Amino acid sequence: SDVRTGSAVVAIRRTATCIAGDTNCDPAATGQIYLQSTLCNDEVANPAVVAAMPASGPPAFPLHKHDCTTVASLRSYVMHIYFIANNNDPGDGIPTLKRAELGANGAFSIVPLVEGIENLQLEYGLDTDGDSMPDAVSADPGTYNGCAADPCYIANWLNAVTAKVHLLSRSTSASPGYTDTKTYPLGLQADDTQLVVGPFSDGFKRHGYTETIRMHNPAGRREAT
51 SDVRTGSAVV AIRRTATCIA GDTNCDPAAT GQIYLQSTLC NDEVANPAVV AAMPASGPPA
111 FPLHKHDCTT VASLRSYVMH IYFIANNNDP GDGIPTLKRA ELGANGAFSI VPLVEGIENL
171 QLEYGLDTDG DSMPDAVSAD PGTYNGCAAD PCYIANWLNA VTAKVHLLSR STSASPGYTD
231 TKTYPLGLQA DDTQLVVGPF SDGFKRHGYT ETIRMHNPAG RREAT
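Take 51 as the starting number for the sequence shown in this note's numbering and just add one per residue.
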């Protein structure tokens, strides 16, 4: 694997906003992965299916709409995984932000996004009192406050309402006569100690970036209560 050691990996899963086959939405295709959710009260024990569209044989999507007769709609299942690779092209030594995109039959394609991204770290803001605002920060919500297993592991992740993204960028080529003697803070580690990288003592120029992102789905629901 070309994934850079010590850097975070971010997986984003969602469904398409349109229904497969609707206007301006691609029809269901063999091998593509879809989500089907039930609206039928008789199917609440198994309310959703994620599967690839088969070429033939028994249907992979057995769920129904409110009338429990009409087959429920399908939405394309989208999964993007963002990671730092050691190389843009094989062996070039240029760290690069890349995205793995889920395609047909569970296969992933790799898309280079930005050259020179050397490190990615995340911290999560946890809302512990239900007011939609972060009360604590952790790089690993699953272990926050001494948690080691369910049910606190799940509860901690459900309390995540913000994500602070730390990026370290690097020039793609060295600058003659320059030596990077700086250190770069990249937030907290899983053990709550500060992560600081460098000095690298090489000829590449670097810059750190930090941005806090609000997670609207969990935070917004708490705001309304």
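Using N, Cα and C, we set each Cβ at its ideal position, and we do this for glycine too.
These numbers were taken from a predicted model, which means no experiment stands behind them.
Does the stretch 100-110 come within contact of the stretch 142-151, defined as at least 3 CB pairs closer than 8 Å?
Put simply, the stretch 100-110 does not touch the stretch 142-151. Fewer than three CB pairs are less than 8 Å apart.
Nearest to ALA105 (by Cα), restricted to the options ALA78, THR233, TYR228
As a first step, residue 105 is located in the sequence shown; it is residue number 55 there, counting from the start. Ranking ALA78, THR233, TYR228 by Cα distance to ALA105 puts ALA78 first.
Using the DSSP secondary-structure output, state which residues sit across from ARG54 in a beta bridge.
Within the sequence shown, residue 54 is the residue found at index 4, counting from 1. ARG54 is not bridged to any residue.
Neighbour-count burial assignment, SER57, 16 or more Cβ in a 10 Å radius:
As a first step, residue 57 must be located in the sequence shown, where it is residue number 7. Looking at its Cβ environment, which holds 16 or more other Cβ atoms inside 10 Å, SER57 is buried.
Please classify PRO191 as buried or exposed, where buried requires at least 16 neighbouring CB atoms within 10 angstroms.
Stepping through the sequence shown from its first residue, residue 191 is reached at position 141. Buried, since its Cβ has 16 or more Cβ neighbours within 10 Å.
How would you call ASN267, buried or exposed, if buried means at least 16 neighbouring beta carbons within 10 angstroms?
Taking the sequence shown and counting its residues from 1, one reaches residue 267 at position 217. It counts as exposed.
So what does DSSP say about GLY153, is it helix, strand or coil?
Translated into the one-based positions of the sequence shown, residue 153 becomes position 103. Coil, per DSSP.
Limits of the unbroken beta strand (DSSP E) element including ALA105:
By 1-based counting over the sequence shown, the position of residue 105 is 55. Per DSSP, ALA105 belongs to no beta strand (DSSP E) and is neither H nor E.
So what does DSSP say about ASN267, is it helix, strand or coil?
Counting from 1 along the sequence shown, the entry for residue 267 is found at position 217. For ASN267, the secondary structure class from DSSP, reduced to helix, strand or coil, is helix.
May I ask you to list the residues that DSSP assigns as paired with ASN169?
For the purposes of this step, residue 169 is identified with residue 119 of the sequence shown, where counting begins at 1. LEU218, per the DSSP bridge assignment.
Three or more beta-carbon pairs under 8 Å between the stretch 202-209 and the stretch 232-243, yes or no?
Segments in contact, no.
Nearest-angstrom Cα distance between GLN82 and CYS68?
Counted from its first residue, the sequence shown places residue 82 at position 32. Counted from its first residue, the sequence shown places residue 68 at position 18. Their Cα atoms are separated by approximately 15 Å.
Alpha carbons only, please: which of GLU165, PRO249, SER221 is nearest the one belonging to ASP230?
Taking the sequence shown and counting its residues from 1, the one referred to as residue 230 is at position 180. Of the candidates GLU165, PRO249, SER221, the one whose C-alpha sits nearest the C-alpha of ASP230 is PRO249.
Can you give the beta carbon distance from ASN169 to VAL247, rounded, assuming they're within the 8 Å contact cut?
Taking the first residue of the sequence shown as position 1, residue 169 is located at position 119. Taking the first residue of the sequence shown as position 1, residue 247 is located at position 197. Rounded to the nearest angstrom, the Cβ distance from ASN169 to VAL247 is 6 Å, consistent with a contact under 8 Å.
Considering Cα atoms alone, identify which of GLY166, PRO97, ALA150, PRO112 is closest to LEU217.
Here residue 217 refers to the residue found at position 167 of the sequence shown. Minimum Cα distance to LEU217 is reached at GLY166.
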